Every structure is written in C-alpha cells, then in structure tokens.
Amino acid sequence: MTTRLRVAPSPTGAMHVGTGRTALFNWLFARHTGGTFIVRIDDTDTARSEKAFEDDILAGLRWLGLDWDEGVGVGGPHGSYRQSDRYGRYEEVAEKLIAEETAYPCFCTPGELETRRAEAEAAGRPPGYDGRCRAIDAVDARHRRNAGERAAVRFKMPRPGTTEFVDLVRGEIRVDHQHVDDFVLLRSDRRPTYHLASTVDDVDYEITHVARGEDLLPSTPRHVQLTLAMGGKEATYAHIPLINGPDGKRLSKRHGAQGVTEYVDAGYLPEALVNYLSLLGWSPSGDASIFPVTESIRLFELTDVQKNPAVFDRAKLDWMNGEYVRALPSDRFNDLAAPYVEQAAGHPLSPEEWSRFEQLSPLIQERAKLLTDIGDQVRFLFVDHDTVVTPETIGIIVSFPEAKPIIENAIERLTSLAEFDHESIETSLRGMLDELGLNARKGLQPLRVAITGSTVSPPLFESMAALGRETVLDRLDAARSRM
RNA sequence: GGCCCCGUCGUCCAGUGGCCUAGGACGCCGGCCUCUCAAGCCGGAAACGGGGGUUCAAAUCCCCUCGGGGCUGCCA
Numbered sequence: 000m001t002t003r004l005r006v007a008p009s010p011t012g013a014m015h016v017g018t019g020r021t022a023l024f025n026w027l028f029a030r031h032t033g034g035t036f037i038v039r040i041d042d043t044d045t046a047r048s049e050k051a052f053e054d055d056i057l058a059g060l061r062w063l064g065l066d067w068d069e070g071v072g073v074g075g076p077h078g079s080y081r082q083s084d085r086y087g088r089y090e091e092v093a094e095k096l097i098a099e100e101t102a103y104p105c106f107c108t109p110g111e112l113e114t115r116r117a118e119a120e121a122a123g124r125p126p127g128y129d130g131r132c133r134a135i136d137a138v139d140a141r142h143r144r145n146a147g148e149r150a151a152v153r154f155k156m157p158r159p160g161t162t163e164f165v166d167l168v169r170g171e172i173r174v175d176h177q178h179v180d181d182f183v184l185l186r187s188d189r190r191p192t193y194h195l196a197s198t199v200d201d202v203d204y205e206i207t208h209v210a211r212g213e214d215l216l217p218s219t220p221r222h223v224q225l226t227l228a229m230g231g232k233e234a235t236y237a238h239i240p241l242i243n244g245p246d247g248k249r250l251s252k253r254h255g256a257q258g259v260t261e262y263v264d265a266g267y268l269p270e271a272l273v274n275y276l277s278l279l280g281w282s283p284s285g286d287a288s289i290f291p292v293t294e295s296i297r298l299f300e301l302t303d304v305q306k307n308p309a310v311f312d313r314a315k316l317d318w319m320n321g322e323y324v325r326a327l328p329s330d331r332f333n334d335l336a337a338p339y340v341e342q343a344a345g346h347p348l349s350p351e352e353w354s355r356f357e358q359l360s361p362l363i364q365e366r367a368k369l370l371t372d373i374g375d376q377v378r379f380l381f382v383d384h385d386t387v388v389t390p391e392t393i394g395i396i397v398s399f400p401e402a403k404p405i406i407e408n409a410i411e412r413l414t415s416l417a418e419f420d421h422e423s424i425e426t427s428l429r430g431m432l433d434e435l436g437l438n439a440r441k442g443l444q445p446l447r448v449a450i451t452g453s454t455v456s457p458p459l460f461e462s463m464a465a466l467g468r469e470t471v472l473d474r475l476d477a478a479r480s481r482m
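Yeah, the first sequence ends on 482 if you go by numbering that gives the first Met the number 0, and it's all consecutive.
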C-alpha cells in the first residue's frame, strides 16, 4: 500500500514554524515511504481566511523545499484541494448522515448554547453540548427544517462507546465517548466545520497517515467516528508534540519570530531551518546534528518522534545556520550575499566595488552566522572617509597608546610600498610594530578603527588590500589630521 | 473543574533492566591559537521531578504524587 500524507494549513495567519515542522515530518515520511505528499487548504473559516496568508504559507513550503505531488497549485485527481470549493460535498455528506440517523439537525441557537454552557459550568457540569436536539424525532425535525427553521447539523456520537486507536508516536489511545459531545458538522449557514471538512477530505483523498499537532489529539475520536459513519477507511494517526517558547508556553508572538517568512528575512538558510526543525522532536540516531535532508528522508520514522514538546532554541538555530553558511560554495555565498552588500553600500555595486567585496568574501563567509550579518562587516568598503573617520572613531583611536606615531608611521610605510597587496602590507606593518616596539594586538587597533570605523572588523591586512592604497591613505590621513 | 497527553543537563537529542561513575550537540565558564571578531582546538560546570514498589540489578517495568502542556466553540 502506498502512503498518502497531507498537510492542511489554515490560511488564517502567516506560516508558523510549527506548521513548517508538521509539514516537514509529513513530507519526510511521504518521501521515506515513497508515498504521496499533498497540500490542501483548510479555509472553512471564511471570516479569518485570507488569500495573502495562503500565499505566504505556500511560499514558505516552497522555500523550505517541501515539494508536493498533489494539491493547491499542482492539481491532482481530487479537485481543487481548497475546501471552500467543496461546500457541496460537505453538505451532501451531512445530509446523508442525517438520513442514516448518525447525525441530526440541531435547532439550538448560539445564544442559547452560550447561556446553557455558562449554567453548566457554574453548576460544575461539563460545558459541552447537552444533546438536547438529539432527542427530537427525525420526522419532526424534517418538518421543522422544511418549514424553514434554521438548523446546524450535529454528529450523533455513539454512546455508550469508546474509540480506540494506535497513535504512531503515543501508542494506544482510548477515549470514552462520555467525554466527547455531539459536535457540529455543518453550521446553520450550511458551511462545514473543520471536523467535517477535514475528515471528508481525508476520506475522499484516501489519506493513509494523518500526522498533525498534538492539539488535535482530543478531537481524534470525533474524526475516527465520523470516518466510520461515512463508511471510510480509518487513517493511521500520529500526533506530534507542540513547539514551545523558552518559557514552556506554546510558541507565540511574544517569543519573537514564529513565522517562516521572518526567518527568511532574518537571513537564515532553508537547509539550516529544515535541519534544525527536523531535530525538534526527532533525531536520526547517535550524535549527528548536522546532516543533509536526504539523510533525514532515509532515516525518518514517525514512530521515532518524541512524545514531549520541544522548546524552540534560537541560539542553536543560529549556530547551525553558521555551519551551513560556512559550508556554502563561495560563488553561492557571493550570490546570496549580494543583496545585503548592496543594501549596506546603499547603491548597486559597480564591477570595481564588487571585486572589492569578492576579495574579502571568503573572510566574511567565515564570520557570518546569518546572511544579515554581512552588511555590517562590509559597509566600510563602500563609504567615504567622513563616514568612517568620525569624532567617535577619533575618540576611540586616541584612547590607544601611541596612536599618533602608529598612524604616521603606517602612512609613511604604506605610501612607499611597491605592491599594495596583503603580503606586502603585512610585512610592512609588522616592521612598523617592531620599530615602535608594539605587539600586534595593541599596535594594529588604531589602524583598524581608522580604516574600518570599528574595533571589530575582517582581518586588517586583507581589508586594506581590498580597499586599495588610495582609500586607505585617505582614511589614515583624515584620522591623523583630526586627532 | 472534567478529559487527554507529557516529564533525562538551561535547551535539543541518545539511552527501551546490567555496557550509565548517564553519552552527544547548542549555550555557558576557563584555557590555547590569534591583528580585532569569528572559526578551530583543549578542558569544565550542568540532568534521570519526588515517593513507594517489582527485581540479584531501574533513567529504563508498576503504582501514587507533584509539575507542565493540550482540549473542553456553529475557530482550526
């Protein structure tokens, strides 16, 4: 039997990293088993669904490299893969269940339900639906509906009864229907609820494995009973633990970035995020922590997924991203860096400016954790001396002992250099250090600040070579005259 | 409140009765290297929530307890 898995995001918000991880696990399992991965849009919440969110989610999936075989945008044998296109089908199922008396019309209004819920809670009774309309005779109910009375449709939860199923990550689960109320299938405006739409689609699309967030675990009995009532084949379930913030609470806005797009913008590489996410709740074996996604596909099993929730650790993601950035082929790194370099420069780069960057690029690559780190490291290459040699930087320069002789000596030596390359500069300036009796640690800092405007920079000799003699002397000169 | 799920270093994982004086990774601390910063190298602190059992032997099995999370909508 070939596996069919789906991810069914709801376009009521931007794509969350939790959605990304759930999608990743579904995708890994589909790829591991040679099955089919499907993307369906759960947009039955018409009030909150937005096309822009759908676009964000699809873009996020693509960015992560989670390609799908069937679904929105690629089509397939099951129609549009967008629930708002399938209202007719959901009504059809609901009516069929009413006819078979496994569902019934409910004439209670939202207001009535609300007051009864409040009463039940006050009295210490379970707040779920009390089943009032379940007792209405089917013929009477039909007359009332024919007469135009508004009704929702509720599922007749088999009672007494229990649902038992084997969850791939949690093992055997058993729930007494006593604790599951008669949930709404179709709203009184004829739109389906999540439970109906999702279950009907899973049955119609012949989904074999449903891997989703643990928050859906309590409603799984509803889904399996509904599936059975439809005469469908039960899927195998796997409930994946949620991702928490550092405080142990469900990951949310106050924990910082939670949208996949935010990670794109923050300069993360998709391979790094995928690698990191795959490790949240799962591990390939032993000690490996950096490994290609092909390795995850090879080894992934839903049964190996962790039961307990994981905390999203930004620091570890950052480290991992650095690993991936350093591992990039240099031309690939340059391509990725280009927009950040231009942004730092404030203008499109001329070929000459680009070659300045390229000279330094390997050293930048080693030092970048995030792509967004690049700008600050290269800005000094493209600005004029007034931006670098400011009153602030002069203040820092003069705070170093011997700053003045260092700068004067350097100007003299660099002016007379035959070749202005990294080796010549280094030889020359080390000669200066000897002459002044200074070690490199102390003696080079004033120059670094005068050249780059900061005490932290790429290696100095290479930076000078990339900048070119004229600019270097210009900055040193500006520094000397302002001290 | 009720129902369900979960509980190994700060964090993510390994560990499925003896190989555990509990292993790795991130982070943290210290050192080395070093022109700053990274990277790299070396070293260190750091956990089986608690209590009872079962067993020759328990992080691993059972019970209780405590703690955390989820659900409890005509949201998904």
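Each residue gets a CB set at the ideal place from its N, CA and C atoms; glycine is no exception.
It should be emphasised that the depicted structure is a prediction, and the values quoted were computed from it without experimental measurement.
Rounded straight-line distance, which links the Cα of residue j to that of residue i
i	j	result
T426	D420	10 Å
G374	A343	5 Å
T1	A29	9 Å
V38	A7	6 Å
E205	L362	52 Å
G258	P104	40 Å
L167	V209	10 Å
Q376	S456	6 Å
A119	Y128	10 Å
R186	G17	29 Å
D203	H77	8 Å
E357	N333	8 Å
R169	Q305	9 Å
A13	F52	5 Å
K483	K368	Nothing can be reported for residue 483: it is not among the residues displayed for the chain, which extend from 0 to 482.
E401	G430	16 Å
R481	I393	7 Å
E434	I405	10 Å
L268	N243	22 Å
Q444	T451	10 Å
E90	H194	13 Å
F24	A234	16 Å
Residue range of the unbroken beta strand (DSSP E) whose run includes residue i
i	result
H346	Here H346 belongs to no beta strand (DSSP E), and DSSP marks it neither H nor E.
T114	That residue, T114, is in no beta strand (DSSP E); its alpha helix (DSSP H) goes 109–121.
A102	102–105
V6	3–6
G212	208–212
T302	Unbroken run through T302: none, as it is neither H nor E.
V179	Note, V179: premise wrong, no beta strand (DSSP E); not H, not E.
Continuous alpha helix (DSSP H) stretch holding residue i: start and end
i	result
L23	16–31
Y193	193–203
Y275	269–277
T260	259–264
I239	No alpha helix (DSSP H) contains I239, which is instead part of the beta strand (DSSP E) from 235–239.
A142	The question names Ala, but residue 142 is His in the sequence shown. 137–145 is the span of the alpha helix (DSSP H), which, as asked, contains H142.
A477	468–481
I405	402–414
E99	It is not in any alpha helix (DSSP H) - E99 carries neither H nor E in the DSSP assignment.
T451	444–451
V223	219–229
Residues that residue i bridges to, as DSSP identifies them
i	result
P521	The shown model of the chain, from 0 to 482, leaves out residue 521, and the question about it has no answer.
L185	V152, P191
R429	For R429, which the question treats as bridged, DSSP gives no partner whatsoever.
R131	Answer is none; R131 lacks a bridge partner.
G170	D166
F36	L4
A309	I242
T161	D175
Cβ-heavy atom distance, residue i to the ligand SAH, below 7 Å
i	result
A449	For the structure depicted, the ligand SAH is absent and the ligand set is empty, with no information on it obtainable.
### Query
Does the stretch 73–88 touch the stretch 263–274, meaning 3 or more C-beta pairs lie closer than 8 Å?
Output reads no: the stretch 73–88 does not touch the stretch 263–274.
### Task
Check whether the stretch 238–254 touches the stretch 53–62, counting contact only when three or more Cβ pairs, one atom from each stretch, lie closer than 8 Å.
Cβ pair count under 8 Å is below three, so no.
### Task
Go through the stretch 341–394 residue by residue and report every complete run of the alpha helix (DSSP H) that reaches 4 residues or more, in order.
Entirely contained in the stretch 341–394, the alpha helix (DSSP H) runs reaching 4 residues are, in chain order, 350–366, 373–377, 384–387.
### Task
Counting only runs of 4+ residues fully inside the stretch 43–90, write out the alpha helix (DSSP H) ranges in chain order.
Counting only unbroken stretches of 4 or more residues, the alpha helix (DSSP H) elements lying wholly within the stretch 43–90 are 50–63, in sequence order.
### Task
Could you tell me whether the stretch 175–188 touches the stretch 150–157, where touching means 3 or more Cβ pairs closer than 8 Å?
Taking a contact to require three or more Cβ pairs closer than 8 Å, the stretch 175–188 and the stretch 150–157 qualify as touching.
### Query
Between the stretch 217–230 and the stretch 191–204, are three or more C-beta pairs nearer than 8 Å?
The stretch 217–230, when compared against the stretch 191–204, does touch it at the 8 Å Cβ threshold.
### Message
Measuring CB atoms only, is the stretch 94–109 touching the stretch 75–84, in the sense that at least three cross pairs come out at less than 8 Å?
### Response
With the cut-off at 8 Å, the stretch 94–109 and the stretch 75–84 do not touch.
### Query
Can you find at least 3 beta carbon pairs, one from the stretch 276–292 and one from the stretch 335–352, that sit closer than 8 Å?
In short, these stretches do not touch, since the Cβ pair count stays below three.
### Message
Closer than 8 Å is the cut-off here; do at least three beta carbon pairs connect the stretch 426–442 with the stretch 347–356?
### Response
Three or more Cβ pairs closer than 8 Å define a contact, and the stretch 426–442 falls short of that threshold against the stretch 347–356.
### Message
With three or more beta-carbon pairs closer than 8 Å as the criterion, would you say the stretch 466–475 touches the stretch 409–424?
### Response
Contact holds: three or more Cβ-Cβ distances are below 8 Å.
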